[in-house]
Structure formats: C-alpha cells, structure tokens
Amino acid sequence: MAEPPGATEPTLEEQIAAYQREFRDLDPQVEKIVSALSRLNRRMNVAYGRQTAALGISNAEWEVLKALVLSGAPYRMGPSDLAKRLGLTPAAMTHRIDRMVTEGLVTRERDESNRVRVIVELTGEGREKWLEAMRLATVFEGDLLQDLSAEERTALGEVLTRLLRRVEHAQPDASGRLTDLD
Numbered sequence: 001m002a003e004p005p006g007a008t009e010p011t012l013e014e015q016i017a018a019y020q021r022e023f024r025d026l027d028p029q030v031e032k033i034v035s036a037l038s039r040l041n042r043r044m045n046v047a048y049g050r051q052t053a054a055l056g057i058s059n060a061e062w063e064v065l066k067a068l069v070l071s072g073a074p075y076r077m078g079p080s081d082l083a084k085r086l087g088l089t090p091a092a093m094t095h096r097i098d099r100m101v102t103e104g105l106v107t108r109e110r111d112e113s114n115r116v117r118v119i120v121e122l123t124g125e126g127r128e129k130w131l132e133a134m135r136l137a138t139v140f141e142g143d144l145l146q147d148l149s150a151e152e153r154t155a156l157g158e159v160l161t162r163l164l165r166r167v168e169h170a171q172p173d174a175s176g177r178l179t180d181l182d
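According to the UniProt record's numbering, the stretch in the sequence shown is residues 1 to 182, in order.
Right, here's the structure in full:
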C-alpha cells in the first residue's frame, strides 16, 4: 500500500531492507552509501534553495551568478557558453537571462568587437547576491561538517572526489541537466 501524502520517509535501513526483500542481489553497503549521498544532496539543495529564496533569487539564478564568477573578472560570458556550462537549451538560458536583467543581476549587451555576439555580465548587485549566498552557504556547510575532524574532512573530500571523477569519466556528457527546470 502506498504511503499517504506527507508520510515520513523510511530510514535508510528500512529502505535497504525493502530493496533487499524485492531485489536479492542488492549490496546493502553500496546501497547505504548511494542512498545516503542522494538524500544528503536532496536536503542540501532544499537548504540552499531556502537561502537563495531569502535573498530574493532562485537556485537557477544562483547557478548563473556562480558561472559568471567562476569565469573570472570581468565576469562576462556569452549566453551560449552559459547555456552549455549549465546544461540548458539556448531558449531556457535566454528566459533565465531575461529575468536576471530585469532584476538587475546581470546586463546583456552587444560585443563591441563583434556586433552579432551578445555578452552577459555580472552587475554589482549580482555580485553582492552571490557573496551573500556564499556567506550563508559557508555557515550551513560549517554546521553540516562540524562533527568531522580535519582528517575526516580531508578523507571524505578525497573519497567523494574519486567517486565524482569515476562518474565524470563514465558519463562525460552528464554535467548538465537532462531537462530544463525552469
């Protein structure tokens, strides 16, 4: 019988037991790690979403701000480069940029050296939103990892990086989304 809406999520142990009941070849150790990572990712995304919402921006807008900051000063990119980096269609990127221009987070202008090319640039307000989101994230992430020693943090970072490299090698086209979320 399906759980009613609002029912609590089963514990990892309950989930694994149910999976083992239905799929006997399951490795419970692997499933616990993968399920814990999945739940952690989902809950972290919710927490980050609440933080960005409190700043008056969406997670989607945060991703654009982050991409522009990562591009380095003067924090400029073409829309197609942004779309590719974020795994979005050009139409979805245009829609996102339109909203962000209206909100004063970015500007969109023709490239003086190539009038066909458009440049999206981070504004001072956009950079301030990015910095404030980083401040909030730093506090959240510090709280999240507070029970881990420096050695445990180093080891966890190394293990997760190895896993990430394995996935990136096996799925090189999976850096973006498979479907647009906005």
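Using N, Cα and C, we set each Cβ at its ideal position, and we do this for glycine too.
Are the beta-carbon atoms of A60 and R96 separated by less than 8 Å? yes
Looking at the secondary structure, which residues open and close the alpha helix (DSSP H) in which E125 lies? 124-144
Are there 16 or more other CB atoms within 10 angstroms of the CB of A73, so buried, or fewer, so exposed? exposed
Mind checking which residues open and close the alpha helix (DSSP H) that includes T94? 90-102
Which residue comes first and which comes last in the beta strand (DSSP E) that contains R110? 106-111
Let me know the secondary structure DSSP gives M1 once reduced to three states. Low per-residue confidence applies at M1: pLDDT is 49, beneath 50, and the placement is therefore not dependable enough to give any value.
Would you kindly report the start and end of the unbroken alpha helix (DSSP H) that includes L163? 150-170
Within 8 Å (strictly less), CB to CB, does T161 reach chain B? Of the chains in the structure shown, none is chain B; there is only one protein chain.
Give me the Cα-Cα distance between N114 and G78, rounded to the nearest whole angstrom. 12 Å
What is the DSSP secondary structure of R43, reduced to helix, strand or coil? Here R43 sits in helix by DSSP.
How close, in whole Å, do the beta carbons of V64 and V106 come, if the pair is a contact with beta carbons under 8 Å? Rounded, the Cβ-Cβ distance is 7 Å, consistent with contact.
Whole-angstrom distance between E103 and W62, CA atom to CA atom: If you draw a straight line from the Cα of W62 to the Cα of E103, it is about 13 Å long.
So, at 7 Å on beta carbons, what are the nonlocal neighbours of P28 in its own chain, with the 5 sequence-adjacent residues on each side left out? I16, Q20
E121 (DSSP reduced to helix, strand or coil): strand
Whose CA, out of R153, L163, G124, lies closest to the CA of L68? Per the Cα distances, G124.
If you draw a straight line from the alpha carbon of L82 to that of R108, how long is it in whole angstroms? Roughly 13 Å separates the two Cα atoms.
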